[in-house]
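Note that the sequence shown covers residues 25 to 758 in this note's numbering.
Backbone N, C-alpha and C fix where the C-beta goes; we use that ideal spot for every residue, glycine too.
Take a look at the structure below.
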Amino acid sequence: MTSVANQVRYRVEGMDCASCASKIGSTVRRMPGVEDVSVSVAAGTMTVHHAPESDLAAIEKKVIDIGYTVAPLTRADTARPGPEHSHDRTGQERHEHGEAAAGLQSHDHTPTSRPWWKSAKGRLTIASGAALIAAFAFHTAFPATGPWAFVAAMLIGLVPIARRAIMAALAGIPFTIEMLMAVAAVGAVIIGAGEEAATVVFLFLVGELLEGVAAGKARSSIQALTTLVPKTALIEENGSTREVSADRLAVGATILVRPGDRIPADGDIAEGDSAIDESPVSGESVPVRKTTGDTVFAGTINGDGVLRVKMTAAAADNTIARIVRLVEEAQESKAPTERFIDRFSRWYMPGVVAIALLVAVVPPFFLGGNWSEWIYKGLALLLIGCPCALVISVPAAIAASLSAGARRGLLMKGGAVLEGLGKITAVALDKTGTLTEGKPKVTDVVAVGVGEREVMSLAAALETGSSHPLAQAILERAKADRVPVPPAAEAKALGGKGVVGRVGGKSVFLGSPNAASESVSLPADQAARIAALNDEGKSVSVLLVNDVLAGFIAMRDEPRPDAQVARRALADAGIKTVMLTGDNKRTALAIGKQLGIDVQAELLPEDKQRIVGELKGQGLKVAKVGDGINDAPALAAADIGIAMGGGTDVALETADAAVLHGRVGDVAAMIRLSQATMANIKQNITIALGLKAVFLVTTVVGITGLWPAILADTGATVLVTANAMRLLRWRGPT
């Protein structure tokens, strides 16, 4: 059971529409000791915040009583949701409460992988449809007794619906879709429209079945991420290798990954070199070359080399599991628009009942109208008023967007964040690790009297074994250029100056220009060139051989490959960009000039927070992008805080959103996804309310009746859901 303070999460089966979520949330919220409830249709989960003395068993029983199956969600379940997980407790509860719940569970309680016709809801819909066909045949053969056949056909589908309506009413929720359907169907029979009543019940079940299929697709899009991780792994112990279940691997274990295998866990390469296909996780089509010490992620594919990987995270905490967990939790967080729709629907449902009652009673009672005609119209209005399409319009779009974003490494903590991103008008970006890669690279190699390869060879010889970032940059460049690195003797560091040693019988020094000038006088032209490199924000190391200038190497933390394109994408969208960095002004200005971005440098964390506040004071909606650690105050102060990272805990936990794959362009992509989502939501609301308005008028004037009413409601729900599911195919800007 996943508990944080007084919080518990559940897997809820049979929940396939926003009305279900609303009903469950309202029911649980009324229970003693419950402080708050968050329910996600797409994830099939419920989170309950409760007082320590709360009776969790009573809460679970209440959810079961209104027609659903509930089971405490373990951490492992979150990591790997899907049909292979079963909960003993669920089975026990089904047994203990089976009689009470049997008729209520016309909702689908089967895994999303099962064909719809094998589900409880599918079987009920098929039975209702078959009964309706049989009733038509019976009515044709025996017209006098035909109406009773339609009543019998209606009852097959209506009894489970009515039971759910009664249980919801007993739980304090009288105005439900099931209640509207039950009243309309019974009323139609009373006024002699049994044929239409049976047809309406069947169409209602078809609509619910389609909602379930759509919800299953949304849920499967999240669960599909977990299939990226193999179920088994080869673990090395005491010099031998054996196959074990991947979810039993412990942190620190060494696993063998063969060419072509999926990597079963997050870890660091202990031995080996290979091209890693990260496209299943990051979407990048080009494999990334990785070697000893590099980090690899679960679900990625090993290319051409044998790797030994030391695990750094358990199965329940690997990158894929954390992405799935974050998306599921995010879907439980409602957007402002969704909260408004929920509040609106609470008033809307009683309002629909009141209007339908007035339409049924006022014309015949005060204006001499025909009772049957106006009761029929009132019942049709009840069906038109079902808020399914309206209520599902927002959460369906948000669930699809969160899932599509997660597949690209764009993680957003809920609908409010997703909605807020579309309103951003200014983005403040950190430099190191955000606009730049976070580690220096060799940018210039200048040789004086010797070849460039010899300069790199001698410098790498002195730096071998050093962990200093500049030393690592030199060693990486030497490796990339395949420069031979001879052994160095008597190598030692000179505090604050550089490193000295003997290479091939020669005395070699590599250090700062100031330290080098203590031994030799640098020519004016070379000194000017070093100064120019410094002005470009580059650190320069001078190489002396036998106290003679041999060359120098310039290094800088370079912009990410997509930083320039990303900055332009934000500018094209009318979004102001600014760099906020604690780095020195010269280096920051050089990077800013290269990228074409305004710069404020040499800032303390509180300075960044203050500047974000000033931007907000100008009426801008500000997103702050940083590494999630030293930018924490500014991330918190911004309207939306976005952490850059490679799947680290900091990147996932400290901000409102996270860009997992370190692409600056993903910030613009995240904003575009938000804008696409809000456009989709507006379309959905227009479809839902537009169809209702049209059929409201046509029903009152007598053009349409019960059948078109339920078709309009079901059709609107299907259209809205299908439109929202289009967001699952979102791939971002091309």
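Item, Value
"Grouping DSSP H, G and I as helix and E and B as strand, with all else coil, what is F199?", "coil"
"If you run the structure through DSSP and keep just helix, strand and coil, what is H131?", "Residue confidence is low: H131 scores 36 on pLDDT, short of 50, so the model does not pin down where it sits. Its coordinate-derived value is still stated next. If DSSP states are grouped into helix, strand and coil, H131 belongs with coil."
"What whole-angstrom Cβ distance do V744 and S417 have, given they're in contact under 8 Å?", "5 Å"
"Using the Cβ count rule (16 or more neighbours within 10 Å means buried), how would you classify R755?", "exposed"
"Please return the same chain residues whose Cβ sits closer than 6 Å to the Cβ of E476, not counting the five positions on each side in sequence.", "V469"
"Using a threshold of 7 Å, state whether the C-beta atoms of A740 and I709 are closer than that.", "no"
"Identify every residue that forms a DSSP beta bridge with E260.", "T265 and T278"
"Can a CB atom of chain B be found closer than 7 Å to the CB of G393?", "Here chain B cannot be found, since the structure has a single protein chain."
"Leaving out five residues before and five after Q766 in sequence, what residues of the same chain have Cβ atoms less than 7 Å from its Cβ?", "No information on residue 766 is available, as it lies outside the stretch 25 to 758 that the chain covers here."
"Roughly how many angstroms lie between the CA atoms of E302 and G57, to the nearest whole one?", "46 Å"
"Name the DSSP beta bridge partners of G575, please?", "A471 and L567"
"Whose CA, out of F228, T265, A274 and V281, lies closest to the CA of P254?", "V281"
"Skipping 5 residues on each side, what residues in its chain have a beta carbon closer than 7 Å to that of W510?", "It should be noted that the sequence gives Pro, not Trp, for residue 510. Hits under 7 Å: S481, A485, V527 and G528."
"Decide if W398 is buried, meaning its Cβ has at least 16 other Cβ atoms within 10 Å, or exposed.", "buried"
"Let me know the secondary structure DSSP gives Y34 once reduced to three states.", "strand"
"Counting only the same chain and skipping the five closest in sequence on each side, list residues whose C-beta sits under 6 Å from that of F390.", "none"
"Let's test the definition: count the other Cβ atoms within 10 Å of the Cβ of A504 and tell me whether it reaches 16, buried, or not, exposed.", "exposed"
"Quick one: Cα of V589 to Cα of R687, how far?", "11 Å"
"Please specify which runs of the alpha helix (DSSP H), each continuous and at least 4 residues long, are wholly inside the stretch 590–678, giving them in chain order.", "609–619, 629–641, 656–661 and 673–677"
"Since A206 contacts L182 with CB under 8 Å, what's their CB separation in whole angstroms?", "7 Å"
"For A578 versus V564, is the C-beta spacing smaller than 7 Å?", "yes"
"For H492, count neighbouring C-beta atoms within 10 Å of its own C-beta (all shown protein chains included) and say buried if the count is 16 or more, exposed if not.", "exposed"
"Taking the beta carbon of Q54 as the centre, do at least 16 other beta carbons fall within 10 Å, making it buried, or is it exposed?", "The amino acid at residue 54 is misidentified as Gln; the sequence shows Arg. Classification of R54: exposed, given that the 10 Å Cβ count is below 16."
"Measuring CA to CA, which of N262, T723, T336 and V569 is closest to V474?", "V569"
"Quick check on the burial criterion: 16 or more other C-beta atoms within 10 angstroms. Buried or exposed for N394?", "exposed"
"Can you say whether D622 is buried or exposed, counting buried as having 16 or more other CB atoms within 10 angstroms of its CB?", "exposed"
"Roughly how many whole angstroms lie between the Cα atoms of V36 and L435?", "23 Å"
"Decide yes or no for the touch test of the stretch 682–699 against the stretch 433–447: beta carbon pairs closer than 8 Å, at least 3 of them.", "yes"
"Could you round the C-beta distance between G216 and M178 to whole angstroms and report it? I think they count as a contact, below 8 Å.", "Not confirmed; about 13 Å, so no contact."
"So, with DSSP's three-state summary, where would you put G561?", "coil"
"Which same chain residues end up closer than 6 Å to K600 when comparing Cβ atoms and leaving out the 5 residues on each side of it in sequence?", "A450"
"What first and last residue would you give for the alpha helix (DSSP H) that runs through S13?", "The structure shown does not extend to residue 13, since the chain is modelled only from 25 through 758, so no value can be given for it."
"Take E626 and list the residues in its own chain whose beta-carbon comes closer than 6 Å to its own, dropping the five residues that flank it on each side.", "K609"
"Would you please state the rounded distance, in angstroms, between the beta carbons of A257 and A221? I believe it to be under 8 Å.", "58 Å between Cβ atoms; not a contact."
"Give the straight-line distance between the Cα atoms of P419 and S62, rounded to the nearest whole angstrom.", "13 Å"
"Report back the beta-carbon spacing between R188 and G68 to the nearest angstrom; my notes put them in contact at under 8 Å.", "Actually they do not touch by this definition, with Cβ atoms about 18 Å apart."
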